[in-house]
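Be aware that the sequence shown starts at 51, since it is given in my numbering, and climbs by one per residue.
Using N, Cα and C, we set each Cβ at its ideal position, and we do this for glycine too.
As structure tokens, the structure follows; a few thoughts come after it.
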Amino acid sequence: MKVSRRDLLLGTAGLTAGIFFTPVPWKVLDDVSIWTQNWPWIPQPARGPVTTKLASCTLCASGCALRVRMAAGYPVGISGNASHPLTKGALCPLGFAAHQLNWHPARLREVRHRGRTASWDEARAAFEKASAEGPIAVVDGRSGRAASTVLQSFADKHNGTYEVVLTAEERALSPYAQWVGVPVSALGYDLENARTIVSFGAPLLDGWGVPGRFTHLWSERAASASDPQLRLIQIEPAFSRTAAAAWHWVPTCQGTEALLAASLAKVLVEEHLVPAQGPLPPASLTEAAAQTGLTPTAIRDLAYSMVERRPTLVIGSDDNPAIAALNVLLGSLGTPGGIVKKPTTPSVTLQISAKNTPPRAVLLDSSVPWEYVPASGVEVFRFAAWDGGGNRADWLLPSPGFLEETTDLPTPPTSARAVYGIAPSLLTASAQLGTAADFLQQIDATLPTVEQTIHARCEAIFRSHRGSVCGEKSSPITGFESAVKFEEALRSGAVWLDESPAATPLKCALKTWPTNNPAHTTGNWANTWAPPVMPTLAAKLYRESSLRETPQRSQS
Ligand code: SF4
């Protein structure tokens, strides 16, 4: 039979069409994908007994309480633990996915010196040499921990300086600390007793402070109510998530917050809405209206709504003395529903030592954010669990990752009540990893260890007979028979909560209206964590689903 070109073409077309009606190619594809899933080098979830352990997230100072689902001793899932008195079971997206971080490609697993592999002995020798040649600076990103005591003790004993990098929430409390002479760590916001909260761009519903605290308060007292028990007035240019949920959103022009605060102060004083006779700011209402984008009537109405339902608490997104001064005028300093002073607790309040001599070397604890830029010309020893990139470090020293280190959890910034907890390590850190506190303790064996400091703090809290222990059920501390039993409870996931602070008057008389400090960026989880070091799940939420605001969007 003669086969023509036409027959060949018809045959090929028929074959191609037939492929779509036969299951063979699809079956082959399915088999290949099953086969490739079983390649031995593909990571498999651990198989073994499934347990749930209580722990705490240590990725930021909030110390949110966790329930960690473990399979064969490895964390495979995380949820919040509702028994924590502040965090109340809420977590930010980072916390939900934090167990993935230990396997992140940016994880540091070896000592590096200017790009080459080095050893801990070499790093220690270099640091000892630098300390002998000149003063050193020790920088801490989360003060008040037992590890902070070791860092500061080393700096004090070795003619060095100890510096703390404050978060945006802590910086917002700095003006009060300066005016009343109380350290930032001893001040907090009494959100629970406030009836009106005026936020100048603070992302209260988007990761501000301890995430669970304000979101719970808002859902109990404000959500979906046209005249809520707790009024939230959000002043910011963008229609952020907090602005969208607020009782009243006041859109203003970017960078005019201090001017708006000054004009509100002027209305409050001139129209006798506050008893205080504070210094009058120089700004005129017309000038403020022109620059903020609001009308003079809108500014006046805003001032009236600030005093309509009191106590009123004003919260800035960062260090802004003009915004802080509004609380002074409103009488919200040292009063319920305002800025309060926490009672003295056994956790140490660190004093920051400042010297003008430039250091020879700087040691950065793993809690220091990657945005921190050390002075140029100094040798930098940076501890980190993940390589955040971008910044210069002569020595990169690998630190324990998520749940790989036992640490204590002092009171988070912004809290009005003191709390204390212990985050136990659930995973054994590799021998290649080390903490800054251990590194310094190996150089100077006379320093206290983290464990010794934690024991001493538990002992001191136990002896104070104050507060209660919140675990699966809450009980007064006096119900514990010894400090050892109390410490055991904390190591098993319970948290000590101090009594409510009695109102301690904070004396502050402003003589002149404060001028504004340079603006900082608003801090929330999205812009304090560089995307390359995000767990896969949080990166998906952040980049793809639009469930969280990007810094660009929140500033638009
Ligand atoms: S806010 Fe997020 S990162 Fe910070 S402790 Fe809580 S869960 Fe962890």
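Within the present structure, is the beta-carbon of residue i separated from the nearest heavy atom of ligand 1 by less than 7 Å?
{"i": "Cys558", "result": "no"}
{"i": "Pro261", "result": "yes"}
{"i": "Gly191", "result": "no"}
{"i": "Gly113", "result": "yes"}
{"i": "Gly145", "result": "yes"}
{"i": "Cys107", "result": "yes"}
{"i": "Leu587", "result": "no"}
{"i": "Leu614", "result": "Nothing about residue 614 can be reported from this structure: the residues present for the chain run from 51 to 606 only."}
{"i": "Leu141", "result": "yes"}
{"i": "Ala110", "result": "Position check: residue 110 holds Cys in this sequence, whereas Ala was assumed. Checking every heavy atom of ligand 1 against the Cβ of Cys110, one is found closer than 7 Å."}
Between the C-alpha atoms of residue i and residue j, what's the straight-line distance to the nearest angstrom?
{"i": "Arg432", "j": "Tyr422", "result": "11 Å"}
{"i": "Trp420", "j": "Asp437", "result": "9 Å"}
{"i": "Asn243", "j": "Ile365", "result": "14 Å"}
{"i": "Leu400", "j": "Glu213", "result": "Bear in mind that a pLDDT of 41 at Leu400, under 50, signals an unreliable position, so the number given afterwards is only what the model happens to contain. Taking the straight line joining both Cα atoms gives about 10 Å."}
{"i": "Trp229", "j": "Cys558", "result": "6 Å"}
{"i": "Pro261", "j": "Leu267", "result": "11 Å"}
{"i": "Phe289", "j": "Ala296", "result": "10 Å"}
{"i": "Leu363", "j": "Ser334", "result": "24 Å"}
{"i": "Leu223", "j": "Ala182", "result": "37 Å"}
{"i": "Gly388", "j": "Ala132", "result": "26 Å"}
{"i": "Val53", "j": "Asp80", "result": "36 Å"}
{"i": "His149", "j": "Arg97", "result": "16 Å"}
{"i": "Trp258", "j": "Ser367", "result": "9 Å"}
{"i": "Ser274", "j": "Pro233", "result": "37 Å"}
{"i": "Ala227", "j": "Val390", "result": "11 Å"}
{"i": "Val357", "j": "Tyr470", "result": "35 Å"}
{"i": "Gln202", "j": "Ser193", "result": "10 Å"}
{"i": "Ala312", "j": "Asp240", "result": "24 Å"}
{"i": "Ile402", "j": "Thr345", "result": "Below a pLDDT of 50, predicted positions are generally treated as unreliable, and Ile402, at 46, falls in that range; no measurement from the model is reported."}
{"i": "Thr456", "j": "Ala473", "result": "6 Å"}
{"i": "Cys520", "j": "Leu141", "result": "18 Å"}
{"i": "His570", "j": "Leu310", "result": "Low per-residue confidence applies at His570: pLDDT is 48, beneath 50, and the placement is therefore not dependable enough to give any value."}
{"i": "Gly184", "j": "Trp153", "result": "38 Å"}
{"i": "Ser105", "j": "Asp458", "result": "The sequence shown places Ala at residue 105, not Ser. Rounded to the nearest angstrom, the two C-alpha atoms are 11 Å apart."}
{"i": "Arg27", "j": "Gly145", "result": "Given that the chain is displayed from residue 51 to residue 606, the structure contains no residue 27 and the question cannot be resolved."}
{"i": "Leu237", "j": "Thr385", "result": "12 Å"}
{"i": "Ala196", "j": "Cys303", "result": "43 Å"}
{"i": "Leu58", "j": "Trp85", "result": "36 Å"}
{"i": "Thr485", "j": "Arg159", "result": "13 Å"}
{"i": "Thr306", "j": "Glu337", "result": "11 Å"}
{"i": "Ala588", "j": "Leu151", "result": "10 Å"}
Per DSSP, residue i is paired with what?
{"i": "Ile472", "result": "Asp458"}
{"i": "Leu446", "result": "Arg162, Arg432"}
{"i": "Thr464", "result": "Gly238"}
{"i": "Thr101", "result": "Met120"}
{"i": "Trp299", "result": "Gln284"}
{"i": "Leu413", "result": "Val188, Phe431"}
{"i": "Ile128", "result": "Val118"}
{"i": "Val613", "result": "Nothing about residue 613 can be reported from this structure: the residues present for the chain run from 51 to 606 only."}
Secondary structure at residue i, three-state DSSP: helix, strand or coil?
{"i": "Gly68", "result": "helix"}
{"i": "Thr499", "result": "coil"}
{"i": "Gly61", "result": "helix"}
{"i": "Leu520", "result": "The sequence given here places Cys at residue 520; Leu does not occur at that position. In the structure shown, Cys520 sits in a strand (DSSP, three-state: E or B)."}
{"i": "Gln284", "result": "strand"}
{"i": "His505", "result": "helix"}
{"i": "Gly238", "result": "strand"}
{"i": "Thr385", "result": "coil"}
{"i": "Leu547", "result": "strand"}
{"i": "Arg55", "result": "helix"}
{"i": "Arg156", "result": "Here the sequence assigns Ala to residue 156, which means Arg is not the residue at that position. Coil at Ala156, not helix or strand."}
{"i": "Gly231", "result": "coil"}
{"i": "Ser426", "result": "coil"}
{"i": "Lys391", "result": "strand"}
{"i": "Pro143", "result": "helix"}
{"i": "Leu136", "result": "coil"}
{"i": "Ser249", "result": "strand"}
{"i": "Gly529", "result": "helix"}
{"i": "Ala293", "result": "helix"}
{"i": "Ser106", "result": "strand"}
{"i": "Ala487", "result": "helix"}
{"i": "Thr167", "result": "strand"}
{"i": "His515", "result": "coil"}
{"i": "Thr554", "result": "coil"}
{"i": "Ser480", "result": "coil"}
Length-filtered (4 minimum) alpha helix (DSSP H) runs lying within the segment 310 to 374: 335 to 342, 346 to 358
Unbroken beta strand (DSSP E) runs of length 3 or more, entirely within the segment 187 to 211: which are they?
none
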